[in-house]
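In my numbering, the protein residues as written are 7 to 90.
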Amino acid sequence: MREKRKRRRRRRIRAAGRVDGMPKFRACRQCKALTDGDICPICGSKDLTVHWEGIVVIIDPIRSQVAEYLGIKRAGMYALRVLG
Ligand SMILES: [Zn+2]
């Protein structure tokens, strides 16, 4: 179990990229946030899917060009693509 990973730490977060299909995580269809729970931690949606790929971690959405490009406004872990 990796319960400690749930916490959002500002340091120690790396852009992963190669951990597609991590079985515990589902992506929100609304905002692409990844969660291992039943509710999206970002937007509160329950519309989650296991069909996603790629991970991007946004630490500072204000200054991140990646966040801007993806339209992400809040720090967190997101799927690069939601497939279905
Ligand atoms: Zn969401």
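From the three backbone atoms N, C-alpha and C, an ideal C-beta is built for every residue, glycine too. Please read these numbers as outputs of a predicted model, since none were measured by experiment.
Residue environment for V88: buried (at least 16 other C-beta atoms within 10 angstroms of its C-beta). Boundaries of the beta strand (DSSP E) around L86: G82 to V88.
Close CB contacts of Q36 within its chain, under the 8 Å cut and outside five residues either way in sequence, are with C46, C49, S51 and D53 (chain order). Counted as a single uninterrupted DSSP element, the alpha helix (DSSP H) harbouring V72 occupies residues Q71 to L76. Taking the CA atoms as reference points, A33 sits about 9 Å from E59.
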